[in-house]
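J.: Mind having a look at this structure? Questions to follow.
In this note's numbering, the protein residues as written are 160 to 317.
In structure tokens, the structure reads:
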């Protein structure tokens, strides 16, 4: 699951950003300032599934290279499209999520912000999902975890 050369060429460094770009969001660990780390112009022929898979690949490459992020499915719930995103450990880094990206108040906050905002795409004006649900190693993330807040279904604000 790699970024293609074609997709790499579509990456845009943020300045004044149009609403039709997919964005990878970030938080500065020192100032807690929220922002956009990078953007990609999406080819018009990409389906919703292809767009979500592209977001997964971008996050895998640029934000969470030791963990694995996959689109598991898109479900219809109450007339809303919900993307189910699975966060998996890898053989090479068997605790990257649990002992790395999920750890610490700051790290957990940054991980939560990046994943929820990047998958919800609050400013995107194209066809998108209504919500996102995160799974960890084959099971939905439920209940309170110490430093991440990825349980339940999160919805885009209208």
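Glycine included, every Cβ here is placed at the ideal spot set by N, Cα and C.
Taking the beta strand (DSSP E) that residue 295 falls in, what are its first and last residues?
T.: Counting along the chain, the beta strand (DSSP E) containing residue 295 begins and ends at 290-295.
J.: So the alpha helix (DSSP H) residue 221 belongs to, where does it begin and stop?
T.: That run of the alpha helix (DSSP H) goes 207-221.
J.: Out of 287, 313, 273 and 291, which one is the CA nearest neighbour of residue 223?
T.: It is 273.
J.: Once you ignore the five residues that flank residue 242 on each side, which residues in its own chain have a CB closer than 7 Å to its CB?
T.: Taken in chain order, the residues that qualify are 211, 230, 233, 278, 288 and 291.
J.: With a cut-off of 8 Å, do at least 3 Cβ pairs link the region 198-210 to the region 246-254?
T.: These segments do not touch.
J.: So residue 227 is in the beta strand (DSSP E); what residue range does that whole segment cover?
T.: Taken as a continuous stretch (DSSP letters only), the beta strand (DSSP E) holding residue 227 covers 227-236.
J.: Within 10 angstroms of its Cβ, does residue 276 collect 16 or more other Cβ (buried), or is it exposed?
T.: Its Cβ being crowded by 16 or more others within 10 Å, residue 276 is buried.
J.: Residue 314: buried (16+ other C-beta within 10 angstroms of its C-beta) or exposed?
T.: With fewer than 16 other Cβ atoms within 10 Å, it is exposed.
J.: Please classify residue 192: is it buried, with 16 or more other beta-carbons within 10 angstroms of its beta-carbon, or exposed?
T.: So residue 192 ends up on the exposed side.
J.: Quick check: the Cα distance between residue 214 and residue 196, rounded to an integer number of angstroms?
T.: When rounded, the distance between both Cα atoms is 13 Å.
J.: Using CA atoms only, rank isn't needed, just tell me which of 285, 282, 238 and 310 is closest to residue 271.
T.: Answer by Cα proximity: 310.
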